[in-house]
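Undergrad: Just dropping this structure here.
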Amino acid sequence: MFLNLLRIRSQIPTTSTACFHSTPRPSRIRPHRIEPTRMAHGNSENIIKDFWGRKKDEGVTDWFWEAIQIRRQLAKYTVNRYSFERVAAFGPDLACLEWLMNCGATSVRMSDGTEITSQKQMKEFLKSYGFDRKKLTPLSPDLKPTPIDELNLLSRNPYYLARWSKAPPVFIDVIDATDSAIVDPGFQYLLELRQVKKMVLNFCDYFYNDAIRIMCAGRLRATLQEIEICFNGHINEIAFQQMTHLHSLRRAHFYMNPWVRSEQRIRAMFRESLPKIQITYPEMHTVGFGKNEVDLTRDEKRKY
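So for the sequence shown, this note's numbering puts the first residue at 49; every next one is plus one.
Take a look at the structure:
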């Protein structure tokens, strides 16, 4: 009930394939065009009309955005409060798993093949490793938060393995946080994850640029291979610039992030910093070119 209160959408697809046409032969699809507004990208009135389907003068904007901010603050000070005590007690991966499930993440796949999709499963999983969520005992008495100027050491295996030598031998591989209530402070739980390869952050309305900055400062820089962010009304070019520091990134998909003024500029930025990356970022005015945009040739796109 509490998580449903924090979610803005109660009935919405939870995977990007449900939001964008996806087919082995995308040339058969006729993409729909959204009527352009009288204002350019980045303007708040344009965002409200394109992203939420409402105009500023319809009388619902003020209370609508106020409701979002109230929910964001509620999420920030309840399920997104960072506690290093929990990280020291469970290890970084299981502490992050607890945070994600408390925020309503769609699913988390662990290295042993277990896929966790609910708080109940999360609690049972922690219990199976002998942890009591109400009694926190540090794995090691010497564990302390990593100083900001030493975060780069987390990507070095000797340092990391020595730091978490007593942590349970199970790790997060894939995170699908679609339609969850994750907020910037909670992203600190991502700093010391051992081997996350994929993250999906679609329809997450509460995190800003700082969340991406935090995410890219830790071990994910060396492990994350695929990322997907669609329908976020707060991040802009600054966040995407931070993501170019994810050196292992090989696949990225973005869509409908209204504060981004130029999708083409973002694509060029990633290809310059990460030459091997496969990136799709369709223009906001075109619906129908999703993750399979790369399957369309330039000539095929001109037909539309």
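We treat Cβ as the ideally placed atom computed from N, Cα and C, and that holds for glycine.
Would you tell me roughly how many angstroms separate the C-alpha atoms of Met158 and Pro217, rounded to the nearest one?
TA: One-based indexing of the sequence shown puts residue 158 at position 110. One-based indexing of the sequence shown puts residue 217 at position 169. Looking at the two C-alpha atoms, the distance is approximately 11 Å.
Undergrad: Whole angstroms are fine: how far does the CA of Met291 sit from the CA of Gln121?
TA: Taking the sequence shown and counting its residues from 1, one reaches residue 121 at position 73. Taking the sequence shown and counting its residues from 1, one reaches residue 291 at position 243. Answer to the nearest angstrom: the Cα atoms are 25 Å apart.
Undergrad: Select from Glu311, Ala300, Ile230 and Val222 the residue whose C-alpha is nearest the C-alpha of Glu163.
TA: Start at 1 with the first residue of the sequence shown, and residue 163 comes out as number 115. Out of Glu311, Ala300, Ile230 and Val222, Val222 has the C-alpha closest to the C-alpha of Glu163.
Undergrad: Where does Asp224 fall in DSSP's three states?
TA: Locating residue 224 in the sequence shown gives position 176, counting from the first residue. Reduced to three states, the DSSP call for Asp224 is strand.
Undergrad: Taking Leu249 and Arg267 to be in contact with their CB atoms under 8 Å, please state how far apart those CB atoms are, rounded to whole angstroms.
TA: To locate residue 249, count along the sequence shown from 1; it is residue 201. To locate residue 267, count along the sequence shown from 1; it is residue 219. Their Cβ separation, rounded to whole angstroms, is 17 Å, which puts Leu249 and Arg267 out of contact at 8 Å.
Undergrad: Could you pull the DSSP bridge partners for Lys8 from this structure?
TA: For the chain, the structure presents residues 49 to 352; residue 8 sits outside this window and is missing.
Undergrad: Consult DSSP for Tyr125 and reduce its assignment to one of helix, strand or coil.
TA: Here the question's residue 125 lines up with position 77 in the sequence shown. Correct three-state label for Tyr125: coil.
Undergrad: Which residues share a DSSP beta bridge with Ser155?
TA: In the sequence shown, counting from the first residue as 1, residue 155 sits at position 107. DSSP output for Ser155 lists Asp224 as bridge partner(s).
Undergrad: For Arg204, count neighbouring Cβ atoms within 10 angstroms of its own Cβ and tell me buried if that reaches 16, exposed if not.
TA: In the sequence shown, the residue the question calls residue 204 occupies position 156. Exposed, since its Cβ has fewer than 16 Cβ neighbours within 10 Å.
Undergrad: Given Ser155, which residues of its chain have a CB within under 6 Å of its CB, disregarding the five upstream and five downstream residues?
TA: Reading the sequence shown from its first residue, position 107 is the one you call residue 155. Result list for Ser155: Glu163, Thr165 and Asp224, in chain order.
Undergrad: Report the rounded CA-to-CA distance for Ala215 versus Ser296, giving the unit in angstroms.
TA: Residue mapping note: residue 215 aligns to position 167 of the sequence shown, counting from 1. Residue mapping note: residue 296 aligns to position 248 of the sequence shown, counting from 1. The straight-line gap from Cα to Cα measures roughly 24 Å.
Undergrad: What separation, rounded to the nearest whole angstrom, lies between the Cα atoms of Ala287 and Asp258?
TA: The residue labelled residue 287 in the question sits at position 239 within the sequence shown. The residue labelled residue 258 in the question sits at position 210 within the sequence shown. Using only the alpha carbons, I get a separation of about 8 Å.
Undergrad: To which residues of the same chain is Pro233 closer than 8 Å at the C-beta, ignoring the five residues directly before and after it?
TA: Counting from 1 along the sequence shown, the entry for residue 233 is found at position 185. Cβ within range, chain order: Lys124, Asn128, Arg129 and Tyr130.
Undergrad: Report back the beta-carbon spacing between Lys245 and Thr271 to the nearest angstrom; my notes put them in contact at under 8 Å.
TA: What you label residue 245 is simply residue 197 of the sequence shown in a count that begins at 1. What you label residue 271 is simply residue 223 of the sequence shown in a count that begins at 1. Contact flag correct, Cβ pair sits at about 7 Å.
Undergrad: Measure the Cβ-Cβ separation of Leu199 and Ala265 and say whether it is below 9 Å.
TA: Position 151 of the sequence shown, counted from the start, is the residue given in the question as residue 199. Position 217 of the sequence shown, counted from the start, is the residue given in the question as residue 265. Contact flag set, yes.
Undergrad: Considering Phe302, what are the terminal residues of the beta strand (DSSP E) in which it resides?
TA: Position 254 of the sequence shown holds residue 302. Element bounds for Phe302: Arg299 to Tyr303.
Undergrad: Taking the Cβ atom as the reference point for each residue, do Thr328 and His293 lie within a distance shorter than 9 Å?
TA: Here residue 328 refers to the residue found at position 280 of the sequence shown. Here residue 293 refers to the residue found at position 245 of the sequence shown. No, the Cβ-Cβ distance between Thr328 and His293 is not below 9 Å.
Undergrad: From the DSSP secondary-structure annotation, give me the bridge partner or partners of Glu163.
TA: Numbered from its first residue, the sequence shown carries residue 163 at position 115. The bridge partners DSSP lists for Glu163 are Arg157.
Undergrad: Note down the Cα distance separating Met332 from Glu172, rounded to an integer number of angstroms.
TA: Residue mapping note: residue 332 aligns to position 284 of the sequence shown, counting from 1. Residue mapping note: residue 172 aligns to position 124 of the sequence shown, counting from 1. Roughly 42 Å between the two C-alpha positions.
Undergrad: From His282 to Trp307, what distance separates their C-alpha atoms?
TA: Position 234 of the sequence shown, counted from the first residue, corresponds to residue 282. Position 259 of the sequence shown, counted from the first residue, corresponds to residue 307. Cα to Cα, the separation comes out at about 7 Å.
Undergrad: Among Trp147, Glu114 and Ile196, whose alpha-carbon lies nearest the alpha-carbon of Arg261?
TA: If you number the sequence shown from 1, residue 261 lands on position 213. Looking only at Trp147, Glu114 and Ile196, the smallest Cα-Cα distance to Arg261 is reached by Ile196.
Undergrad: Is the beta carbon of Glu274 less than 9 Å from the beta carbon of Arg298?
TA: Along the sequence shown, read from residue 1 onward, the residue named residue 274 stands at position 226. Along the sequence shown, read from residue 1 onward, the residue named residue 298 stands at position 250. Cβ atoms of Glu274 and Arg298: closer than 9 Å.
Undergrad: How long is the line joining the alpha carbons of Thr185 and Gly178, rounded to whole angstroms?
TA: Locating residue 185 in the sequence shown gives position 137, where the first residue counts as 1. Locating residue 178 in the sequence shown gives position 130, where the first residue counts as 1. If I take the Cα positions, the gap works out to 11 Å.
Undergrad: Quick check on Ile230: does DSSP put it in helix, strand or coil?
TA: Translated into positions along the sequence shown, residue 230 becomes position 182. Looking at Ile230 - three-state DSSP - the assignment turns out to be coil, as it is neither helix nor strand.
Undergrad: So, is Ile277 buried or exposed, given that buried needs 16 or more other C-beta atoms within 10 angstroms?
TA: Residue 277 sits at position 229 when you count from the first residue of the sequence shown. Buried, by the Cβ-count rule.
Undergrad: When you compare each of Trp212, Ala316 and Glu146 to Ala136 by their alpha carbons, which one comes out closest?
TA: Working through the sequence shown from its first residue, we reach residue 136 at position 88. Ranking Trp212, Ala316 and Glu146 by Cα distance to Ala136 puts Trp212 first.
Undergrad: Buried or exposed: which applies to Ile230, given that a residue is buried once 16 or more other Cβ atoms fall within 10 Å of its Cβ?
TA: As a working mapping, residue 230 is identified with position 182 in the sequence shown. Counting Cβ neighbours within 10 Å, Ile230 comes out buried, since at least 16 surround it.
Undergrad: Whose CA, out of Pro323, Lys324 and Gln289, lies closest to the CA of Glu311?
TA: Along the sequence shown, one-based indexing puts residue 311 at 263. Taking only the C-alpha atoms, the option nearest Glu311 is Gln289.
Undergrad: What residue does the beta strand (DSSP E) around Ile327 start on, and which one ends it?
TA: In the sequence shown, the residue the question calls residue 327 occupies position 279. Gln326 to Thr328 is the extent of the beta strand (DSSP E) around Ile327.
Undergrad: Checking 9 Å against the spacing of the C-beta atoms, do Ser228 and Leu145 come in under that value?
TA: Sequence index remark: in the sequence shown, residue 228 carries index 180 (1-based). Sequence index remark: in the sequence shown, residue 145 carries index 97 (1-based). Not in contact: Ser228 and Leu145 (Cβ atoms no closer than 9 Å).
Undergrad: With a CB to CB cut of under 7 Å and the five nearest residues on each side skipped, what residues in its chain are close to Gln167?
TA: What you label residue 167 is simply residue 119 of the sequence shown in a count that begins at 1. Answer for Gln167: Met149 and Asn150, listed in chain order.
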